[in-house]
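Single-structure report; data block below.
In the numbering used here, the protein residues as written are 4 to 147.
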């Protein structure tokens, strides 16, 4: 595998969700007893661990295929690659977005790349991907 990037949620996102869940635990503890509070605390902890792994995104490229989580596309169908800064990324995922585009975006990563799709059978015009290592993956995707 020539490229692999794992985008994990930042600790502040997980902490915010966990604090919301803990406020529910406190409300249940106030209304019921310690057993209910302990059970809900364990459930909240399991939920946050599940979210920590479920909210991550894995981008990989092995020279033949680009994979983003479960989505994949062969490299022969990849077209022009554009590296996006935070301003152009914000515009492309909001006002200038194409409804048919494939979006692999995470709100906590402000930069990314746009990869045009050159497959006449695929109605998807481009893939919009958030990546902290956009220059590196763009260099691999650009055909010599």
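Ideal Cβ placement from N, Cα and C applies to all residues, glycine included.
* Asked: Which ranges does the beta strand (DSSP E) cover as unbroken runs of at least 3 residues, wholly within the stretch 72-127, from first to last along the chain?
  -> Taken in chain order, the whole beta strand (DSSP E) runs of length 3 or more contained in the stretch 72-127 are 74-77, 81-87, 105-107 and 115-120.
* Within 8 Å, strictly: CB atoms of residue 69 and residue 75 -> Yes. Within cutoff.
* Asked: According to DSSP, which residues form a beta bridge with residue 70?
  -> Its beta-bridge partners are 63 and 75.
* **Within 8 Å, strictly: CB atoms of residue 51 and residue 20** => A contact, by the Cβ cut-off of 8 Å.
* **CA-to-CA distance, residue 100 to residue 30, given in whole angstroms** => Whole-angstrom Cα-Cα distance: 41 Å.
* Do the stretch 32-46 and the stretch 87-97 touch if we need at least three Cβ pairs shorter than 8 Å? -> With a cut-off of 8 Å, the stretch 87-97 and the stretch 32-46 do not count as touching, because too few Cβ pairs lie within range.
* Asked: Short check: CB of residue 17 to CB of residue 109, under 8 Å?
  -> No.
* **Beta-carbon proximity list for residue 13, same chain, < 7 Å, skipping 5 on both sides** => Within the same chain, residue 13 has close Cβ partners 111.
* Terminal residues of the continuous beta strand (DSSP E) containing residue 132? -> Run containing residue 132: 129-133, per the beta strand (DSSP E) assignment.
* **Whole-angstrom distance between residue 127 and residue 144, CA atom to CA atom** => Our two residues, residue 144 and residue 127, have alpha carbons roughly 18 Å apart in a direct line.
* **Sequence-distant residues of its chain with Cβ nearer than 8 Å to residue 138 (five each side left out)** => The beta carbon of residue 138 sits closer than 8 Å to the beta carbons of 86 from its chain, once the five residues preceding and following it are set aside; these are given in chain order.
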